[in-house]
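Just below is one structure, and these are the notes that go with it.
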């Protein structure tokens, strides 16, 4: 095992990796930008190297600085976390060329899965089901019509150069094709300077189901079952769970086997996630995330496995040491994760910034908080808005939902708005509890409905008490408690008529 | 299931019960003394009833007040937690007479197990092994000598009216008996006004191993394996774990079967713990704790069971719904608990009081914090010094020890001294890691040894920085941060030549 | 004293009478028997009313407050009678939407309207990029664009004026 | 400036020089390249030295400080040269133990010595009951009991004087 490794990330995932390092007797080295110099991942590390700069580009995204930090600190390997440089094959190559071990898949595997067209081709060849459709884009309505016959309606047309759902057109029958093609192509040309479009079968009631895989360096690979991440908006996941209500043992075996085959086809090593679109008993390959996933904890809770530990073990050359059967024998219970993002769910999920002045962490049985939060932390626009992940485990799904509701009720993050109340509303929805949802669920939910009952009166009464106390205190000078309490900016409380368009890019 | 129950306790165990209630859709009602009016168990409850008073006697120990609170709040049942009224059969009776359900064993079972002599007789009759010795006390040296031949040396002589180790004499051979008997009897007479003594076999290298049992109201009972609680001083447990290194599957089955037999012999219902003294492959009944135990979480983690939920279920009349085989099939991994007490382990574990001005809770995978701590909490001498329980789970014991060390490194409770650093020292001891310890382990450990290495220099350098900052700030007026930081009383930092004698009474 | 309190957009009338140092609070005519205690100076409140108990986390200023109650968020706005009258006049004056401000620092990616243009309620006015996301800023009411306070590619601070709307003539 | 710093009972010499507003700290002659930053006003400190990183939690006053470093506790006492000289004189004066004080509120259950009695180091002086536990208070050094400041069954506050010892003649 390594003596010392560099954790090339920040925030909760850096701390997550540091925690496992500590437990394995590996010395974790943190890197930090100027604004992160007091961050928890720095304080909890064995060593820390300053990168300088305050933007990601000047710090965590600067490959040369990161590799220099690894060398200077005497690290033997680099763990990239997720985001930042984790899926840059060029970085993986530079790490290896610097004589360090890359705790991730080979650069070739990152590249093979990084490109939409290439990965689709590779997967088709490996016998992995993909959404029926064209591999190459078309630029002509006649060819579109011909292709449509083969693919079968309904069909989705997507800009070849696009992303984030821009310029997608749904075509239910032949008659709608000509108009749809022209408008989609025109929009694509206007937006991206490239009028070509893809065509693929439109998947109704889609559910986002992904499979966790792990490969050692000796050609062995296993899967750790599925996670369902359908509660999302614009490809940003909010609630994840393992297992999925629509996956039984037989389907798990089948999806798992195909996910392992997908990884093997590109010579995969280390941990990765194969994402599928599931609809009415069928599933199609979407993409492979060639790194640890934000939502890996739900898999950890259900299989009793520390995935970061496994990443380090296989990167150090150790064999898996267990079979697929061993893994599935450990499967037990149900786990749910809620992402606590700094954003206002009642105003189109616009980002919320501020200083964390108050923290009440949930506790008790089977409640896990993966966070790098601390009192005094500045939440800025420099970094990802995810502040924390709240994870619960319970023997069954109903109990896990109730436990998550209980844990969310205990949580308070003061100083910014968070996504937590939205997650609570989802968990209270009967259709969610019954497992009847798809990736459109959150978009169709009315989050703005005011809650009824005694709590409203209590809120009004508390606010009035507070109002009168504030007025009295305002008369006094130099009242530090007033300052501490009122750190929340007034502006962020104003109703804000924003509709978030954005371009997603979920992790 | 009940609609509403009264939680007749405070602190972490009240919050523990409240959490399960919330998850079951049962409305938890809190009770509180004057000093607890802002406590977390009050804020997290559905309803709260003020008992008035600030001492336990005036509040949580006042049976009539507690029952009146249950009636006034419309509660259907009473959960006593541990400590306070939990093992008072008179209270259990009053609860039932008031038309409420008692979430605990029948009063007769409490009584049968509450008295040392009676329980010993009952257990012998039921075929439960007890430490070889006399059931009745002796008051005469000739009878003592005769009895000793039967029991076998070495022998321990204990005051019949005593407790907490007072007046215990070890007799290794016949020759030592006369002197030992006279001094023990004389001391007992002086201390308790009763010169009679018990005699029993002295158990060498004793380990404290207890078995969790659960009985429904339909005559069915199961056990949830063992916990080992040998790391203690004066019968106050500091570190607990499940399972025990000295218990294999065969021994677990045997101890479990005997524990269930012990409960059945007194008509037990609900959750309880049968404590054994284990020595070199043999085990003897010590006593039965007729309530939920402080250290119940380690069992929960290993068996994936919420014991408070099971308590409510069986109290409501539900059948267990599973067999002994079902329970043991769920056993997985290893769990350790550390008690975070407000006390100074480097000064004879004297109590430490103050205001909690700073809290840094550990997090991440398989770390559970059962606490009712909050910033601003006053830790006084009114109540039990236990502030929190830190619990970890891991696939095996070594990993659990490393995880607990990591979690303890993350924990900070500012404002009082705690037992946490002592627990960390134990976990770092090679003999503990190897599993070679008995109940004397902590007494023989030198906690005062100063730690070496860089941390000492860092402590010195940090203190100097802080010293100079304080000096500069002292020159300014009305500096609120100085006040906030320096809340720790100077007195509690002085070396204190106290040797704690005390009389234990562990939970 | 009478207050007008809006909770998540729904208006309530609150009457407050101070009796012997204690506050008697009536919400929508219903008298609440309240015990309100601040746990710390960070907004943790222990509230007991009619036997029920709540742990409330409060933040905000005198007039706009967020209450977190068991994980749910209640946005509360408070006006006394004098303030209500003043605000009503203000609202009348800015009918048509008033000035739209930025709630976050960001960069104006695109302006979607020009000065003088008539806009409908909900119509996108501009796109603001912040935290890797593009946010469409929509008109809070129908009106006419009186002024654009920003240009494309301009970085704006939180609270910066973006667009001023006035009522259509 | 020179300081005498005791960490968990072991004495260290610390030299501090202020250079351009930064502190240069030498512990036992070893120069530490330190970055010390307070995270909040509650004692959380981010400390970096020679590439190593620590999250230190500090509490205490100017002269006596507790540092929690990765779960371990370091009790630190600080004296500058002037204070050290003063304290040395004080210690000489109270040779024999000085005055034993209570570190917690409690009740004196039993006095085990009388005024004028000669006691050995570690000999129990009295039993103090606090938090349901009986604590034997022992003599910090050999000496003679000069004064008993408490009586049996008396409740004492934290910091209250219990017994004064002087050096045996």
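Protein chains in written order, with this note's numbering: chain A, 14 to 520; chain B, 14 to 520; chain C, 1007 to 1175; chain D, 1007 to 1175.
We treat Cβ as the ideally placed atom computed from N, Cα and C, and that holds for glycine.
Is the Cβ of residue 258 of chain A closer than 8 Å to any Cβ of chain D?
Looking up residue 258 of chain A in the first chain gives position 245. Closer than 8 Å to the CB of residue 258 of chain A there is not a single CB belonging to chain D.
Proximal residues of chain A, C-beta to C-beta of residue 1111 of chain C below 8 Å:
As a first step, residue 1111 of chain C must be located in the third chain, where it is residue number 105. Within 8 Å Cβ-Cβ: 366, 394.
Per DSSP, what kind of secondary structure is residue 99 of chain A in: helix, strand or coil?
Numbered from 1 along the first chain, position 86 holds the residue referred to as residue 99 of chain A. Correct three-state label for residue 99 of chain A: coil.
Measuring CB to CB, does residue 348 of chain B end up less than 8 Å from residue 415 of chain B?
Position 335 of the second chain, counting from 1, holds the residue named residue 348 of chain B. Position 402 of the second chain, counting from 1, holds the residue named residue 415 of chain B. No, these two residues do not count as a Cβ contact at 8 Å.
Identify the residues that DSSP records as bridge partners of residue 242 of chain A: which are they?
In the first chain, counting from the first residue as 1, residue 242 of chain A sits at position 229. As DSSP reads the structure, residue 242 of chain A sits in no beta bridge.
What is the DSSP secondary structure of residue 418 of chain B, reduced to helix, strand or coil?
As a working note, residue 418 of chain B is residue 405 in the second chain. Here residue 418 of chain B carries a helix assignment [DSSP, helix/strand/coil].
Output the distance between the C-alpha atoms of residue 1058 of chain D and residue 54 of chain A, rounded to the nearest integer angstrom.
Position 52 of the fourth chain holds residue 1058 of chain D. Position 41 of the first chain holds residue 54 of chain A. Residue 1058 of chain D and residue 54 of chain A: Cα-Cα distance of roughly 13 Å.
Is the beta carbon of residue 1076 of chain D less than 8 Å from the beta carbon of residue 422 of chain B?
In the fourth chain, counting from the first residue as 1, residue 1076 of chain D sits at position 70. In the second chain, counting from the first residue as 1, residue 422 of chain B sits at position 409. Remark: C-beta atoms of residue 1076 of chain D and residue 422 of chain B approach each other more closely than 8 Å.
Residue 434 of chain A: contacting residues in chain C (beta-carbon distance under 9 Å):
In the first chain, residue 434 of chain A corresponds to position 421, counting from 1. By Cβ distance, chain C contributes 1074, 1077, 1078, 1079.
Please name the residue or residues paired with residue 1063 of chain D in a DSSP beta bridge.
In the fourth chain, the residue the question calls residue 1063 of chain D occupies position 57. In the DSSP assignment, residue 1063 of chain D forms a beta bridge with D:1050, D:1074.
From the beta carbon of residue 139 of chain B, is the nearest beta carbon of chain D less than 8 Å away?
Working through the second chain from its first residue, we reach residue 139 of chain B at position 126. No, because no Cβ of chain D sits closer than 8 Å to the Cβ of residue 139 of chain B.
Which one or two residues does DSSP pair with residue 347 of chain A in a beta bridge?
As a position in the first chain, residue 347 of chain A is number 334, starting the count at 1. Listed as beta-bridge partners of residue 347 of chain A by DSSP are A:407.
Residues in its own chain within less than 6 Å of residue 1133 of chain C by CB, not counting five upstream and five downstream?
Your numbering for residue 1133 of chain C matches position 127 in the third chain. Contacts found: 1115, 1116, 1140, 1142.
Partners in chain D for residue 330 of chain A, counting only beta-carbon separations shorter than 8 Å
Taking the first residue of the first chain as position 1, residue 330 of chain A is located at position 317. For residue 330 of chain A, none of the residues of chain D pass the 8 Å Cβ criterion, the least Cβ distance being about 27 Å.
With C-beta atoms as the reference, is residue 1126 of chain D less than 8 Å away from residue 1148 of chain D?
For the purposes of this step, residue 1126 of chain D is taken as residue 120 along the fourth chain, with counting starting at 1. For the purposes of this step, residue 1148 of chain D is taken as residue 142 along the fourth chain, with counting starting at 1. Going by C-beta atoms, residue 1126 of chain D is nearer than 8 Å to residue 1148 of chain D.
Going by C-alpha distance, which of B:350, B:24, B:84, B:106 is nearest residue 56 of chain B?
Within the second chain, numbered from 1, the residue matching residue 56 of chain B stands at position 43. Of the residues B:350, B:24, B:84, B:106, the one whose Cα lies closest to the Cα of residue 56 of chain B is B:24.
Burial state of residue 505 of chain A, where buried means 16 or more other Cβ atoms lie within 10 Å:
Looking up residue 505 of chain A in the first chain gives position 492. Confidence in residue 505 of chain A is poor, its pLDDT being 36 and thus under 50, which makes the residue's placement unreliable; the coordinate value appears in the next sentence. It is buried - the Cβ of residue 505 of chain A has at least 16 other Cβ atoms within 10 Å.
Go ahead and label residue 364 of chain B buried or exposed: buried means 16 or more other beta carbons lie within 10 angstroms of its beta carbon, across all protein chains shown.
The sequence position of residue 364 of chain B within the second chain is 351, counting from 1. Taking all protein chains shown into account, residue 364 of chain B has 16 or more neighbouring C-beta atoms within 10 Å of its C-beta and is therefore buried.
Short check: CB of residue 373 of chain B to CB of residue 1063 of chain D, under 8 Å?
As a working note, residue 373 of chain B is residue 360 in the second chain. As a working note, residue 1063 of chain D is residue 57 in the fourth chain. In contact: residue 373 of chain B and residue 1063 of chain D (Cβ atoms closer than 8 Å).
Which of helix, strand or coil does DSSP assign to residue 453 of chain B?
Position 440 of the second chain, counted from the start, is the residue given in the question as residue 453 of chain B. Coil.
Closer than 7 Å by beta-carbon distance: list the chain A residues that pair up with residue 408 of chain B, in chain order.
Indexing the second chain from 1 puts residue 408 of chain B at position 395. What residue 408 of chain B touches in chain A, judged by beta-carbon distance under 7 Å, is 317, going in chain order.
Among all the DSSP beta bridges, which residues are the ones paired with residue 1133 of chain D?
For the purposes of this step, residue 1133 of chain D is taken as residue 127 along the fourth chain, with counting starting at 1. Under DSSP, residue 1133 of chain D takes part in a beta bridge, and its partners are D:1116, D:1142.
Please state the DSSP three-state secondary structure of residue 336 of chain B.
The residue you call residue 336 of chain B lines up with position 323 of the second chain. Correct three-state label for residue 336 of chain B: coil.
Could you compute how far the alpha carbon of residue 1065 of chain C sits from the alpha carbon of residue 479 of chain A?
By 1-based counting over the third chain, the position of residue 1065 of chain C is 59. By 1-based counting over the first chain, the position of residue 479 of chain A is 466. Between residue 1065 of chain C and residue 479 of chain A, the C-alpha separation is close to 9 Å.
With 16 other Cβ atoms within 10 Å as the buried cut-off, status of residue 1023 of chain D
One-based indexing of the fourth chain puts residue 1023 of chain D at position 17. Residue 1023 of chain D should be labelled exposed.
Compute the Euclidean distance between the alpha carbons of residue 382 of chain A and residue 94 of chain A, then round it to the nearest angstrom.
Counting from 1 along the first chain, the entry for residue 382 of chain A is found at position 369. Counting from 1 along the first chain, the entry for residue 94 of chain A is found at position 81. Straight through space, the alpha carbons of residue 94 of chain A and residue 382 of chain A are spaced by roughly 17 Å.
Could you please tell me which residues of the region 42–59 of chain B, in chain order, have their CB closer than 8 Å to any CB of chain D?
Within the region 42–59 of chain B, no residue qualifies.
Mind reading off the beta-carbon distance from residue 265 of chain A to residue 140 of chain A? Whole number of angstroms is fine, and I expect it under 8 Å.
Start at 1 with the first residue of the first chain, and residue 265 of chain A comes out as number 252. Start at 1 with the first residue of the first chain, and residue 140 of chain A comes out as number 127. Actually they do not touch by this definition, with Cβ atoms about 18 Å apart.
What is the DSSP secondary structure of residue 316 of chain A, counted as helix, strand or coil?
Reading the first chain from its first residue, position 303 is the one you call residue 316 of chain A. In this structure, DSSP gives residue 316 of chain A a helical state, which the three-state scheme calls helix.
Chain A contact for residue 525 of chain B (CB, 8 Å cutoff):
What the structure shows of chain B is the stretch from 14 to 520, and residue 525 of chain B is not part of that stretch, so it cannot be assessed.
Indicate whether at least one CB of chain A lies closer than 8 Å to the CB of residue 495 of chain B.
As a first step, residue 495 of chain B must be located in the second chain, where it is residue number 482. Its pLDDT being 41, under 50, residue 495 of chain B is placed unreliably by the model, and the measurement read from it follows with that caveat. Chain A contact via Cβ: absent.
Taking 7 Å as the cut-off, is the beta-carbon of residue 196 of chain B closer than that to any non-hydrogen atom of the ligand NAP?
Absence of the ligand NAP from the depicted structure is noted, as is the absence of any ligand whatsoever, leaving it without description.
Which two residues bound the contiguous beta strand (DSSP E) that contains residue 1041 of chain C?
On the third chain, residue 1041 of chain C is found 35 positions in, with the first residue counted as 1. That run of the beta strand (DSSP E) goes 1040–1044.
Closer than 8 Å to chain B by CB, residue 305 of chain A:
Mapped onto the first chain, residue 305 of chain A falls at position 292. The beta carbon of residue 305 of chain A does not come within 8 Å of any beta carbon belonging to chain B, so the residue lies off that interface.
Nearest to residue 142 of chain A (by Cα), restricted to the options A:279, A:438, A:222, A:295
Your numbering for residue 142 of chain A matches position 129 in the first chain. Minimum Cα distance to residue 142 of chain A is reached at A:295.
Report yes or no: do three or more beta-carbon pairs, one from the region 229–238 of chain B and one from the region 329–347 of chain B, lie closer than 8 Å?
Flag = yes, the region 229–238 of chain B and the region 329–347 of chain B touch.
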